[in-house]
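So the structure is just underneath, and the comments pick up after that.
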Amino acid sequence: RALLAVSLNLMALLFSTTAFITTHWCEGTQRVPKPSCGKEKKTNCLNYSGNETANETNQNVVHYSWETGDDRFLFRYFHTGIWYSCEENINAAGEKCRSFIDLAPASEKVTTTALPLCVDTSSEYPQELKWQLRSGQICCVLWLSVVSEVLYIMLLVVGFSLMCLELFHSSSVIDGLKLNAFAAVFTVLSGLLGMVAHMMYTQVFQVTVSLGPEDWRPHSWDYGWSFCLAWGSFTCCMAASVTTLNSYTKTVIEFR
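Per our numbering, the very first residue in the sequence shown carries number 476; after that it's consecutive.
Take a look at the structure:
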């Protein structure tokens, strides 16, 4: 059981670290206008008046495109993590990334209907103060999520170290019980922090979808494999804590 707990804790640590540094928590498509056709861009673009270089050579001439409705837009792929949001580059190969912390609506002006219940919308506070309060709350939640993720990983490392000490370097039953108990406590605490961190990030992303920059807001999105790894890490962490507590209880009963 001790070896099983160590294995589960190691899996939780690997999953959480991978999820923390990758950018596939959420992914989907963004609806963006098609660029103008040019010498290097001849597909998925707007061809004005049948001339591919019209926009480049005749800036003062009015040009027309027969494409209307959704035909004037592209749906580019994007994926987002805790640190960065990467989008498909429609003008060249590859992707372009920007900080997700900058995308969170910490400086976006929001309407009164988007304010949380803790802000009294019927009060006589200025509208400017209301959206600043809302923006500050979102920013605080995002940073709390980041700090909680870091603490989650650190506590997993502590729990894993204590489990390894108990498994390989325990000289007596009493010392083993102490290490087992501390490992279980740290693992349970890390699991609770991880759960809170994942939920806070999900909330921040959903708010950013609604109130973030207009050039970033997704047309459609879903959770990615990094999100699945994060919750898989939480599952392994709680399984490791239960296994450790079970081993501790069994040892205490046998020792008595």
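By construction, the Cβ of each residue, glycine as well, lies at the ideal position given by its N, Cα and C atoms. Given the structure is predicted, the values throughout are model-derived calculations rather than measurements.
Q: Would you check if the distance between the CB atom of C501 and the CB atom of W696 is smaller than 8 Å?
A: For this step, residue 501 is matched to residue 26 along the sequence shown. For this step, residue 696 is matched to residue 221 along the sequence shown. Yes.
Q) Which one or two residues does DSSP pair with C711 in a beta bridge? A) Stepping through the sequence shown from its first residue, residue 711 is reached at position 236. Here C711 is not bridged, per DSSP, to any residue.
Q. How should T724 be labelled, buried or exposed, when 16 other C-beta atoms within 10 angstroms of its C-beta is the threshold for buried?
A. As a working note, residue 724 is residue 249 in the sequence shown. It is exposed - the Cβ of T724 has fewer than 16 other Cβ atoms within 10 Å.
Q) Using the rule of at least 16 other Cβ atoms within 10 Å of the residue's Cβ for burial, across every protein chain shown, is M629 buried or exposed? A) Along the sequence shown, one-based indexing puts residue 629 at 154. M629 comes out exposed.
Q. When you compare only the Cα positions, how much space is there between S491 and W618?
A. As a position in the sequence shown, residue 491 is number 16, starting the count at 1. As a position in the sequence shown, residue 618 is number 143, starting the count at 1. About 17 Å.
Q) From which residue to which residue does the beta strand (DSSP E) around S695 run? A) Taking the sequence shown and counting its residues from 1, the one referred to as residue 695 is at position 220. S695 -> beta strand (DSSP E) spans S695 to Y698.
Q | Per-residue burial, H740 [other beta carbons within 10 Å of its own, 16 or more giving buried] | A | Nothing can be reported for residue 740: it is not among the residues displayed for the chain, which extend from 476 to 731.
Q. What are the partner residues of V625, as DSSP defines its beta bridges?
A. The count along the sequence shown starts at 1 and reaches residue 625 at position 150. According to DSSP, V625 bridges with nothing at all.
Q: Please classify Q681: is it buried, with 16 or more other beta-carbons within 10 angstroms of its beta-carbon, or exposed?
A: By one-based count along the sequence shown, residue 681 stands at place 206. Looking at its Cβ environment, which holds fewer than 16 other Cβ atoms inside 10 Å, Q681 is exposed.
Q) Going along the chain, which residues of its own chain have a beta-carbon closer than 8 Å to the beta-carbon of T726, five neighbours each way excluded? A) The sequence position of residue 726 within the sequence shown is 251, counting from 1. V648, G651, L652 and N655, listed in sequence order.
Q) Within this structure, are the beta carbons of H694 and R506 separated by less than 8 Å? A) Here residue 694 refers to the residue found at position 219 of the sequence shown. Here residue 506 refers to the residue found at position 31 of the sequence shown. A contact, by the Cβ cut-off of 8 Å.
Q. Starting from S560 and walking both ways along the beta strand (DSSP E), at which residues does that stretch end?
A. Here residue 560 refers to the residue found at position 85 of the sequence shown. Counting along the chain, the beta strand (DSSP E) containing S560 begins and ends at Y559 to E563.
Q: Assign L478 to one of two classes, buried (16 or more other C-beta atoms within 10 Å of its C-beta) or exposed (fewer than that).
A: The sequence position of residue 478 within the sequence shown is 3, counting from 1. Counting of Cβ neighbours within 10 angstroms places L478 among the exposed residues, the total staying below 16.
Q: State yes or no: is the C-beta of S685 within less than 8 Å of the C-beta of L631?
A: Locating residue 685 in the sequence shown gives position 210, where the first residue counts as 1. Locating residue 631 in the sequence shown gives position 156, where the first residue counts as 1. Not a contact, by the Cβ cut-off of 8 Å.
Q.
I need the straight-line Cα distance from M638 to D690, nearest angstrom please.
A. Position 163 of the sequence shown holds residue 638. Position 215 of the sequence shown holds residue 690. Cα-Cα distance, rounded: 48 Å.
Q | Proximity to L489 [Cα-Cα], best of V717, I728 and C703 | A | Translated into positions along the sequence shown, residue 489 becomes position 14. Of the candidates V717, I728 and C703, the one whose C-alpha sits nearest the C-alpha of L489 is C703.
Q: Select from V481, F553 and I496 the residue whose C-alpha is nearest the C-alpha of T504.
A: Here residue 504 is taken as the residue at index 29 of the sequence shown, counted from 1. Nearest to T504 by alpha-carbon distance, out of V481, F553 and I496, is F553.
Q) Taking just the CA atoms, how far does F730 sit from T555? A) In the sequence shown, the residue the question calls residue 555 occupies position 80. In the sequence shown, the residue the question calls residue 730 occupies position 255. So the alpha carbons of these two residues sit roughly 51 Å apart.
Q | With 16 other Cβ atoms within 10 Å as the buried cut-off, status of M674 | A | Within the sequence shown, residue 674 is the residue found at index 199, counting from 1. Burial call: exposed.
Q: Put H644 into one of helix, strand or coil per three-state DSSP.
A: The residue labelled residue 644 in the question sits at position 169 within the sequence shown. Three-state DSSP puts H644 in coil, outside helix and strand.
Q: With a 10 Å radius around its C-beta and 16 neighbouring C-beta atoms as the bar for buried, classify S574 as buried or exposed.
A: Working through the sequence shown from its first residue, we reach residue 574 at position 99. Taking all protein chains shown into account, S574 has fewer than 16 neighbouring C-beta atoms within 10 Å of its C-beta and is therefore exposed.
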